[in-house]
Structure formats: C-alpha cells, structure tokens
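See below for the structure under consideration.
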Amino acid sequence: MDKKTLIGFILIGIAFIAFIYVGRPSEAEIEAYNRAQDSIASLSERKLTGDSLTHSQQSLASLPDSLSATQKDSILSLLASNKYGEFAAASQGSAEELKLENDSISISLTNKGAQITNALLKKYNKYDGNPIELIKAEDASFNYTLVTASNRIIETKDLYFKGSQIAPNKVSFSLEATSGIGMEIIYTLQNKYLLDIDIKYNNLSSVLASNTPYLDASWTLPVYQNEKSGKNEQRYSGLAYKKSGEDTEKLNTGKDVTEEINGKVQWIAFRDMFFSTLLYSPAHIEQVSLKSQIQGESDMLKKLTANFTIPVSDKDQKLSLFIGPHNYDLLKEVDKVWGNDNEITQIIDMGDWFRFINIWLIIPIFNFLETITGNYGIIILLLTLIIKLLLSPFTLKSYMSQAKMRVLRPQVEEINAKYPGDDNMMKRQQATMNLYKSAGASTLGGCLPMLLQMPFLVAMYQYFPTSINLRGESFLWAKDLSTYDDIISWSTHIPLISDFIGNHISLFCLLMTIVQIVYMNISQQSTGQTTMPGMKMLPYLMSIMFFFFLNQSAAGLSYYYLMSMLITILQTYLFRLFVNEKKLLAKMEENKKKPIKKSKWMQRMEELQKQQMELQKQKARK
Numbered sequence: 306m307d308k309k310t311l312i313g314f315i316l317i318g319i320a321f322i323a324f325i326y327v328g329r330p331s332e333a334e335i336e337a338y339n340r341a342q343d344s345i346a347s348l349s350e351r352k353l354t355g356d357s358l359t360h361s362q363q364s365l366a367s368l369p370d371s372l373s374a375t376q377k378d379s380i381l382s383l384l385a386s387n388k389y390g391e392f393a394a395a396s397q398g399s400a401e402e403l404k405l406e407n408d409s410i411s412i413s414l415t416n417k418g419a420q421i422t423n424a425l426l427k428k429y430n431k432y433d434g435n436p437i438e439l440i441k442a443e444d445a446s447f448n449y450t451l452v453t454a455s456n457r458i459i460e461t462k463d464l465y466f467k468g469s470q471i472a473p474n475k476v477s478f479s480l481e482a483t484s485g486i487g488m489e490i491i492y493t494l495q496n497k498y499l500l501d502i503d504i505k506y507n508n509l510s511s512v513l514a515s516n517t518p519y520l521d522a523s524w525t526l527p528v529y530q531n532e533k534s535g536k537n538e539q540r541y542s543g544l545a546y547k548k549s550g551e552d553t554e555k556l557n558t559g560k561d562v563t564e565e566i567n568g569k570v571q572w573i574a575f576r577d578m579f580f581s582t583l584l585y586s587p588a589h590i591e592q593v594s595l596k597s598q599i600q601g602e603s604d605m606l607k608k609l610t611a612n613f614t615i616p617v618s619d620k621d622q623k624l625s626l627f628i629g630p631h632n633y634d635l636l637k638e639v640d641k642v643w644g645n646d647n648e649i650t651q652i653i654d655m656g657d658w659f660r661f662i663n664i665w666l667i668i669p670i671f672n673f674l675e676t677i678t679g680n681y682g683i684i685i686l687l688l689t690l691i692i693k694l695l696l697s698p699f700t701l702k703s704y705m706s707q708a709k710m711r712v713l714r715p716q717v718e719e720i721n722a723k724y725p726g727d728d729n730m731m732k733r734q735q736a737t738m739n740l741y742k743s744a745g746a747s748t749l750g751g752c753l754p755m756l757l758q759m760p761f762l763v764a765m766y767q768y769f770p771t772s773i774n775l776r777g778e779s780f781l782w783a784k785d786l787s788t789y790d791d792i793i794s795w796s797t798h799i800p801l802i803s804d805f806i807g808n809h810i811s812l813f814c815l816l817m818t819i820v821q822i823v824y825m826n827i828s829q830q831s832t833g834q835t836t837m838p839g840m841k842m843l844p845y846l847m848s849i850m851f852f853f854f855l856n857q858s859a860a861g862l863s864y865y866y867l868m869s870m871l872i873t874i875l876q877t878y879l880f881r882l883f884v885n886e887k888k889l890l891a892k893m894e895e896n897k898k899k900p901i902k903k904s905k906w907m908q909r910m911e912e913l914q915k916q917q918m919e920l921q922k923q924k925a926r927k
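Taking my numbering, the leading residue of the sequence shown gets 306, the next gets one more, and so forth.
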C-alpha cells in the first residue's frame with residue numbers, strides 16, 4: 306500500500322471513530338463527517354487508485370451500524386466519482402447474466418463489462434466426455450479502455466451496464482454517463498457459430514481525451530486442453546491474423562511470442578487444434594499487438610492476448626465472432642458471409658506446399674464417402690483404395706522396371722565377374738549401363754511412383770491430425786482416430802524413449818512399422834540390383850524411425866499408411882502373378898538388336914565416363 310492511500314485510510318478511520326463515540330447528531334459528529342469529506346478531497350487530489358477504492362469499500366462495509374447507510378453511500382459515491390468521473394454511477398451495481406443459444410452453441414454474457422463469460426459447444430465434447438468451453442469466465446476477458454478528457458482511465462470490465470434481452474437471439478448492454486452520454490453493445494447470435502457485435506456511441510467522444518478518440522480493446526482467451534494429447538494440442542494452438550491484401554500469418558506456436566502489427570487487420574484468430582474463436586472487423590482494426598504465452602498449470606495450455614483499437618465516432622462499429630470448429634465447409638460458408646477475400650479457412654493446419662491436394666482432392670472425396678458410410682475406418686480404407694487406383698498406372702510401370710532389373714540380374718553378375726575389383730569399377734558401370742540401355746530397362750524407373758506418392762503421403766500427414774471429421778470417431782480398438790491409439794502406457798518418464806515416442810505404444814503405428822519392414826524386404830527381393838551391405842539396412846532403419854516419428858500422431862494417419870502399405874504388397878504379388886518374366890526377357894533380347902538412339906544427356910554421360918577412365922589409366926601408369 307502506498308503512502309498516499311495509507312494517509313487517506315488514517316484520516317477516514319479518525320472520522321469513523323468519531324462517529325462511533327457520538328450517539329446523536331451534534332457539532333462534533335458534523336465536524337467528524339466534514340473531516341471525512343476533507344480526507345476524500347485530499348485523496349482526489351492525489352488521484353486515488355482503483356485498489357484504494359476497493360479497500361475503502363471493504364472498510365466501509367465493516368463499519369459499526371452507528372454510521373448511517375446514507376453516510377456510507379455518500380462516501381462511496383465520492384470515491385466512485387473521483388475514480389470514474391462521468392461513469393461513476395455505473396461503477397456500482399450487481400452482476401446479472403444473460404444467455405444466447407441455438408442448436409450448436411450456448412453463450413453466457415454478463416452486464417459487468419458487457420462481456421462474454423462462457424461459450425459452450427453443444428455438439429463437441431472434451432476427451433474426458435465433458436462439453437467443450439472455448440471461453441470461460443475465470444480466465445477470459447473482453448475489456449475496452451477509455452481515456453477521458455479529465456485524464457481518467459476507465460475500463461469497461463469494472464462498470465455495470467444495463468442489460469436487456471431484446472429478442473431470443475439478441476441482447477443489449479447500455480452504459481450511461483452524465484448528460485445522456487454513453488455507449489451500447491449489442492450481441493446478436495446468428496445461425497450456428499456466428500455472433501455479431503454492434504457498438505453504438507451516444508456522443509461518447511465528447512468526454513474522451515482529444516488525443517485518444519478510440520477504445521483500447523484487450524481480449525484475453527486461454528487455450529484449454531480438450532484433446533487426449535495436450536502436447537500435440539499445444540503445438541497446433543496459437544494466434545493467427547490476416548492483414549488487408551496479404552496472406553494469413555500464424556505466430557510461432559513453439560515458444561512465447563509477441564508481435565506488433567502495422568497496418569489494417571481483417572481478422573484475428575485465437576486457435577486451438579480443432580476449434581477457434583475468430584474476431585472479424587468489416588472496417589478493419591489497427592494498432593494490433595498479439596501475445597502468446599505457454600502455460601504449464603492445470604489444463605490451461607496457452608494464454609492468448611490481442612490488443613487493438615476501435616475508433617469512436619458517429620458511426621457504429623461492427624465486429625463479428627466465429628466461435629466453433631475447424632470444419633472446412635463451415636468456414637467457407639462464414640467466409641461468404643464476411644467476404645470471400647478473408648480466407649479464414651487458412652486457420653486450419655493442412656500444410657503449405659501440398660495444401661491444394663487436401664482442398665481439391667482429399668476433402669471432396671471424404672465428403673462424398675461420408676454420404677455412403679459413417680464409419681471413418683471404412684472411409685479411410687476407401688480413400689486409400691481410390692488414391693492407389695489413381696496411381697496404379699505408375700505403380701505398374703514401376704513394377705515392370707523392377708521385373709526387368711530382376712531378369713537381367715544373371716547378365717549383371719556376369720559383367721561383375723568379367724570386371725572385378727575397384728580398378729575396373731568404371732568399366733563395370735559402363736557395361737551395366739549399356740546392358741540396361743540396350744534391353745530398355747532403367748534404374749530410375751521404380752522411383753517415379755514413389756515420387757508421385759510423396760505429395761499424397763505428406764498431404765495425409767498434415768490432414769489427419771487436424772481433421773475435425775476424425776475427432777471422436779472410433780474404429781476397431783482406436784477410440785479416437787484423431788489421436789494416438791495406445792495399447793500399452795506407463796506413467797514413469799523414461800529418458801529418450803518418452804521424449805521421442807511418449808509414454809505409450811500405439812498399435813496402428815506398431816502394425817504399420819512391421820508391415821513396412823516386410824514390404825522393404827519384398828521390395829529388395831523384387832529388384833535385381835545388388836546393394837552394399839550398409840545400404841541394405843537403411844530401409845529398415847527408416848521404418849523404425851517412422852515408428853518414433855508417428856507413435857504420438859493420429860491413429861487415423863498410421864491406419865492410412867498401414868492400409869496403403871498392405872495394398873502395395875498386394876499389388877506387387879498380383880503384378881508378379883500376371884507378368885510372364887520369360888516373355889519379358891525375350892522381348893528385352895529383341896530390344897538389344899534394335900539401334901539405340903542416344904539422348905544428349907546420355908552422350909554427355911558417356912563422354913564423362915571415358916574421361917574418367919583415361920584419368921584412371923594415366924594414374925595407373927604413374
């Protein structure tokens with residue numbers, strides 16, 4: 306407590322003692338009361354703080370009954386007048402709650418600060434079965450700060466508005482200062498998850514400081530753990546925004562970060578892994594400052610804060626909130642309501658380079674398959690079959706290339722026997738290349754399908770963990786395809802192991818790893834190429850690395866990779882069943898008789914090889 310406040314309390318205490326010992330109105334009581342008023346005036350000159358007002362209210366509440374209620378109210382009124390000036394009347398009151406709701410969301414609001422205290426999503430639950438609350442009263446704050454002409458700093462969170470239910474989907478909160486000056490905040494709940502906010506001014510600028518004709522808005526929204534894996538959820542949670550005419554920007558989610566934004570901002574998103582509270586302004590907001598802080602207490606993962614300004618003028622200010630799930634089609638509908646240039650679908654993490662695959666292929670296929678079945682395990686299987694069918698021509702070409710290499714293997718071994726040792730390496734490579742070229746085989750033929758599959762594998766890796774469609778959907782032993790399917794778990798932290806794979810073993814991920822090792826073994830046997838001993842182990846090590854990498858990821862992702870690998874193995878056996886290798890070898894022998902047309906690239910490679918051979922001969926002579 307500072308010295309000025311302490312002096313004020315002492316003076317007020319002296320006045321209270323005088324009142325206690327005087328039993329009836331007298332000159333002494335009047336004098337004591339005047340001393341109390343003088344002490345208040347002294348505090349006014351010293352700019353009494355909000356804390357001193359609160360402490361004074363507590364002190365007055367504990368006074369003996371000998372002090373009349375009128376006298377107490379008089380002192381409180383003077384204190385409030387000093388702190389809030391024209392808004393003193395609104396500094397006292399009682400909190401009242403109003404509610405807006407539809408089939409999708411329930412929103413609670415309070416007249417204290419005219420702010421949202423709770424937003425509950427009716428159609429979504431947390432991992433523990435309780436409803437999801439994106440906004441909670443104890444931690445969230447929607448505050449507006451005004452600076453008056455008398456240099457008073459007024460915060461709306463401390464003021465009591467007059468609340469009224471205008472319609473089932475609309476509430477109004479009005480704040481009146483002296484002489485009819487004030488403001489009104491109207492909340493209107495639209496269909497599903499949209500909440501419109503209209504801020505109306507009634508000559509409010511006349512009481513504001515001339516150099517600050519705006520409201521300083523400060524919105525704080527924590528991110529709570531709603532998913533099974535708080536670590537994954539925290540990785541996808543944070544702030545995002547879009548400036549006018551620019552691309553969407555997302556703040557770093559891996560550390561505490563603060564960012565000052567110059568220029569006009571169209572929207573700000575308080576993002577979770579699957580849900581967002583998104584603030585949109587048709588007129589744009591300015592002087593935006595964003596702050597993200599990682600939390601380690603209870604179920605709060607992050608504390609997100611956005612500070613910005615709202616102009617105070619004769620025109621009403623309109624804002625809009627989206628409080629809901631990251632459903633791509635739903636966000637596209639909201640984008641149409643707000644304006645198609647807002648690109649709010651960017652708040653969904655679906656990657657950057659291969660995002661177009663998810664938007665133009667995966668999501669439409671998912672939506673179509675959802676009309677056929679509601680079992681998402683079946684949907685993922687059908688999706689895998691469709692993608693494999695699209696890539697099957699390239700897969701066949703890859704297998705044919707492997708088959709050619711396999712039937713040429715005896716001839717390759719003859720070349721190796723003819724040119725043994727490191728000294729003949731260039732001759733051996735030249736002869737092998739000539740053999741492949743004359744037979745119409747290519748060592749790179751099997752790489753094309755893998756290269757074509759990579760964008761799909763990466764797109765799936767980015768789609769499944771954040772797909773709202775998979776959230777809460779079960780399949781076989783997996784209770785939720787959007788998170789890991791642990792069959793074994795432990796609580797003790799094991800160094801390195803727990804850091805990489807967590808404190809569990811995911812069954813789909815384990816099965817995927819086993820099948821991938823089997824496929825690698827089949828693949829090595831299917832090719833006719835000889836591999837260095839060290840290189841033979843590389844595919845198996847990669848499979849184990851995938852296990853460490855995906856064990857904490859979505860079960861739906863591991864299930865997709867598992868199905869993709871099983872279908873690939875099935876394709877390999879079917880191709881081997883229907884491809885006659887004897888006929889293939891005969892055809893390749895016929896190709897050897899045909900003249901070979903060399904490309905410029907091949908000619909250049911042959912020239913380089915000849916030069917290297919000459920250099921080796923010269924070194925051997927020396």
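Here a beta-carbon is modelled for each residue, glycine too, at the ideal position from N, C-alpha and C.
Please confirm whether residue i and residue j have their CB atoms less than 8 Å apart.
i, j, result
"residue 578", "residue 771", "yes"
"residue 595", "residue 566", "yes"
"residue 511", "residue 528", "no"
"residue 561", "residue 599", "yes"
"residue 769", "residue 762", "no"
"residue 514", "residue 454", "yes"
"residue 449", "residue 521", "yes"
"residue 525", "residue 446", "yes"
"residue 523", "residue 612", "yes"
"residue 708", "residue 886", "yes"
"residue 504", "residue 649", "no"
"residue 617", "residue 590", "no"
Return the chain-ordered list of same chain residues with a C-beta closer than 6 Å to the C-beta of residue i, the five sequence neighbours on each side being excluded.
i, result
"residue 912", "none"
"residue 693", "872"
"residue 563", "596"
"residue 890", "712"
"residue 574", "545, 581, 583, 652"
"residue 418", "461, 462"
"residue 401", "416, 468"
"residue 765", "865"
"residue 628", "424, 439, 498, 582"
"residue 539", "606"
"residue 817", "863, 866, 867"
Using the three-state DSSP reduction, which class does residue i fall into: helix, strand or coil?
i, result
"residue 488", "strand"
"residue 929", "The chain is shown only over 306 to 927; residue 929 falls outside these bounds and no answer can be derived."
"residue 521", "strand"
"residue 527", "strand"
"residue 857", "coil"
"residue 537", "helix"
"residue 433", "coil"
"residue 721", "helix"
"residue 398", "coil"
"residue 476", "strand"
"residue 821", "helix"
"residue 561", "coil"
"residue 912", "helix"
"residue 579", "coil"
"residue 681", "helix"
"residue 333", "A caution first: residue 333 carries a pLDDT of 43, below 50, which makes its placement in the model unreliable, though a value can still be read off. Three-state DSSP puts residue 333 in a helix."
"residue 471", "strand"
"residue 532", "coil"
Given residue i, which residues of its chain have a CB within under 8 Å of its CB, disregarding the five upstream and five downstream residues?
i, result
"residue 688", "667, 670, 671, 674, 865"
"residue 716", "740"
"residue 465", "395, 396, 397, 398, 399, 400, 416, 417"
"residue 800", "none"
Report back the beta-carbon spacing between residue i and residue j to the nearest angstrom; my notes put them in contact at under 8 Å.
i, j, result
"residue 874", "residue 848", "14 Å between Cβ atoms; not a contact."
"residue 791", "residue 810", "7 Å"
"residue 805", "residue 863", "The pair is not a contact, with the Cβ atoms about 16 Å apart (cut-off 8 Å)."
"residue 758", "residue 655", "The pair is not a contact, with the Cβ atoms about 18 Å apart (cut-off 8 Å)."
"residue 477", "residue 471", "5 Å"
Take residue i and list the residues in its own chain whose beta-carbon comes closer than 7 Å to its own, dropping the five residues that flank it on each side.
i, result
"residue 807", "856, 857"
"residue 632", "773"
"residue 662", "760, 761, 764"
"residue 442", "422, 423"
Please list the segments of the beta strand (DSSP E) lying wholly inside the segment 590-676, counting only runs of 3 or more residues, in order along the chain. List check, beta strand (DSSP E) in window: 605-616, 622-630.
Complete alpha helix (DSSP H) runs within the segment 726-792 (minimum length 4 residues, chain order): If we require 4 residues or more, the alpha helix (DSSP H) runs fully inside the segment 726-792 come out as 730-744, 752-768.
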